[in-house]
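J.: Quick one: the structure is below, questions incoming.
Chains as they are written, first to last, in the working numbering: chain A, 380 to 493; chain B, 312 to 791.
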């Protein structure tokens, strides 16, 4: 069959979102640079968006479940807005850190330990 | 089509948001009025409490996305008491550091609004937005003293951990949606009750959402952030942080436990949640013993307390839910009481708050020391204080449900915890004043907060049935 005619299975999109989520989680745990951690966090939130989209795509495909599609699609917009709010606060915190420490290496912040 | 009933359902939240807006405007356009920010916050919280108690509660509102009933009233009332007491004690604390601005109070109010949304949502969309409103406001509040290293560090740590947990929650919600086609917890529960197969996607989704909530509750093994964040944050924020997100997250877990009927769904939930609960209690209590900083000690104590509350979530049903509600009420007042005295007995926000600095204060600051002692006795679960009643209801519900091992391990843990709580009382009264007496803050307002909290602790401890009967009415609505 001609590959241009076969739609991408929604499961593939879901797998992609899972892979992105895991990459993001590993990034948060292993990276020490503030901006890298921040990018990894954004990757995690956006992989959730992709998962919502893939499920909504699947629900929209069948007439019995087509009404469910909207629930997930709406959620995506709210997550985008929330991610923006988190970005504003997170970057402000990293700027405040840079002003005091001249670095955004999170390992430099380890006073609270004894 | 939204109706007037929908507006009534969110009236307290609307009043809070309006109050916060006024505070921000004053900050920007009328800086001379800044000194009444604290009073304005108290007025806003009182207004929201009035709306909560006086306006009718329509039950389901906003097309079934939220629920405004006795349960949401009870939890919201605890949250409002918390924000009232925290902003009251924040005034003198901020003034000493010359940091009093309206935005501090506005952020406190926004965080409370988020927690109230979380507690009254049955759809995961407003619940997630409430969670983020609460968290984002708290990131800023933790780092409010941005020229103090420990405060900034607390803010950064809470931000990274909190955003990580929020991403887990969001992905978990996506999986729950994929498995059931809805984001409404009650509709999900009805689908499952209708005999739909439990798919691995659903289990993974629930595990991720529950993990996100466990981060907020600082349950073992998601507790690592708590001691650092508690210690570094300004003390009024620590008091807020130790109570408000936890109350909201407990209600969310309860809603899931009841809608999904987790107790009867299989042994794996009881075992997994039971290990988390007992693990939190044991780890919290044992590590708290070796702490020298009282804020860190209370962080570990908070980990242990959420472990006890988790027992009530596992039991669920009317008995478990009402026990958790009583626990939230008791924990709110006793924890805020303790932190009020700690904010009083500190020299500045950058130094550690050593327990040994309290030596001899029992005789030189008798009233504050008495309030701290009452909080400590209550946290240890000594009758006749609120903490005893709360633990009693939790463990009784576990025994009645046949989960005797959870009750026994919980009681053993409470006995261990008595050691480090009572050591604080011992140091207050039995140790002599040090040669260099620390230069502690003197403030009527903070003293009043400590006094009010201590009075509430004693009141709930002496008449637990008042709270319990209200909690029971609320729990019946939840279970129905």
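Beta carbons are placed, not taken as given, at the ideal position from N, Cα and C, and that holds for glycine.
1. Can the beta-carbon of residue 431 of chain A be found less than 9 Å from the beta-carbon of residue 458 of chain A?
2. Are residue 594 of chain B and residue 557 of chain B touching if we call contact CB-CB under 9 Å?
3. So with Cβ pairs under 9 Å, would you call residue 485 of chain B a contact of chain A?
4. So that I know if they touch, is there some Cβ in chain A lying closer than 9 Å to that of residue 474 of chain B?
5. Counting only beta-carbon separations shorter than 9 Å, does residue 493 of chain A have a partner in chain B?
6. Using beta carbons (cut-off 9 Å, strictly below), is residue 467 of chain B in contact with chain A?
7. Within the continuous alpha helix (DSSP H) that includes residue 446 of chain B, where are the two ends?
8. Since residue 596 of chain B contacts residue 583 of chain B with CB under 8 Å, what's their CB separation in whole angstroms?
9. For residue 466 of chain B and residue 451 of chain B, what's the separation of their Cα atoms in angstroms?
10. Note down the Cα distance separating residue 562 of chain B from residue 572 of chain B, rounded to an integer number of angstroms.
11. Note down, in chain order, each residue of its chain lying with its Cβ closer than 6 Å to the Cβ of residue 588 of chain B, except the 5 sequence neighbours on either side.
12. Nearest chain B C-beta to residue 412 of chain A closer than 9 Å, yes or no?
13. For residue 415 of chain B, count the other beta carbons within 10 Å of its own beta carbon; 16 or more makes it buried, fewer makes it exposed. Which is it?
14. Using only alpha-carbon positions, find the residue among B/362, B/389 and B/376 that is nearest to residue 637 of chain B.
15. Comparing the C-beta of residue 403 of chain A with each C-beta of chain B, is any distance below 9 Å?
16. Using a 10 Å radius around the Cβ and a threshold of 16 neighbouring Cβ atoms, would you call residue 456 of chain B buried or exposed?
17. Closest Cβ-Cβ distance between residue 427 of chain A and chain B: below 9 Å?
18. What did DSSP end up calling residue 665 of chain B once you bin it into helix, strand or coil?
19. Give the secondary structure of residue 312 of chain B by DSSP, where H, G and I count as helix, E and B as strand, and everything else as coil.
20. Would you call the CB atoms of residue 633 of chain B and residue 783 of chain B closer than 9 Å?
21. Applying the criterion that 16 or more other CB atoms from any shown protein chain within 10 Å of the CB defines a buried residue, is residue 378 of chain B buried or exposed?
22. Just to check my reading of the structure: residue 429 of chain A and residue 472 of chain A have Cβ atoms closer than 8 Å, yes? What is that Cβ distance to the nearest angstrom?
23. Anything in the segment 514-534 of chain B with a Cβ closer than 8 Å to a Cβ of chain A? List those residues in chain order, please.
24. Let me confirm a value: residue 585 of chain B is counted as buried when at least 16 other C-beta atoms fall within 10 Å, else exposed. Which label applies?
25. Tell me which same chain residues have a C-beta within less than 8 Å of the C-beta of residue 440 of chain A, skipping the five on either side of it?
26. Who pairs with residue 378 of chain B in a beta bridge, going by DSSP?
27. Does the distance from the CB of residue 402 of chain B to the CB of residue 338 of chain B come in under 9 Å?
28. From which residue to which residue does the alpha helix (DSSP H) around residue 323 of chain B run?
29. Quick test of your reading: residue 449 of chain B and residue 422 of chain B, contact by CB under 8 Å. State the CB separation rounded to the nearest angstrom.
30. Thinking C-beta only, is residue 394 of chain B closer than 9 Å to residue 551 of chain B?
31. What's the call for residue 704 of chain B, buried or exposed, on a 16-neighbour Cβ count within 10 Å?
32. Since I believe residue 445 of chain B is in contact with residue 303 of chain B (beta carbons under 8 Å), could you give me their beta-carbon distance rounded to a whole number of angstroms?
33. Tell me, please, which residues DSSP counts as bridged to residue 412 of chain A.
34. What are the start and end residues of the alpha helix (DSSP H) that includes residue 556 of chain B?
35. To the nearest angstrom, how far is the alpha carbon of residue 642 of chain B from that of residue 360 of chain B?
36. Roughly how many angstroms lie between the CA atoms of residue 417 of chain A and residue 489 of chain B, to the nearest whole one?
T.: Reading off the structure:
1. yes
2. no
3. yes
4. yes
5. Model confidence at residue 493 of chain A stands at a pLDDT of 41, short of 50, so the residue's coordinates are unreliable; what they give is reported in the following sentence. So yes, residue 493 of chain A belongs to the interface.
6. yes
7. 435-453
8. Actually they do not touch by this definition, with Cβ atoms about 21 Å apart.
9. 7 Å
10. 15 Å
11. 618, 621 and 622
12. no
13. buried
14. B/389
15. yes
16. buried
17. yes
18. strand
19. coil
20. yes
21. buried
22. At roughly 27 Å, the Cβ-Cβ gap does not stay under 8 Å, so residue 429 of chain A and residue 472 of chain A are not in contact.
23. none
24. buried
25. 389
26. B/371
27. no
28. 322-340
29. 5 Å
30. yes
31. buried
32. Only positions 312 to 791 of chain B appear in this structure, which leaves residue 303 of chain B out of reach.
33. A/484
34. 555-570
35. 19 Å
36. 27 Å
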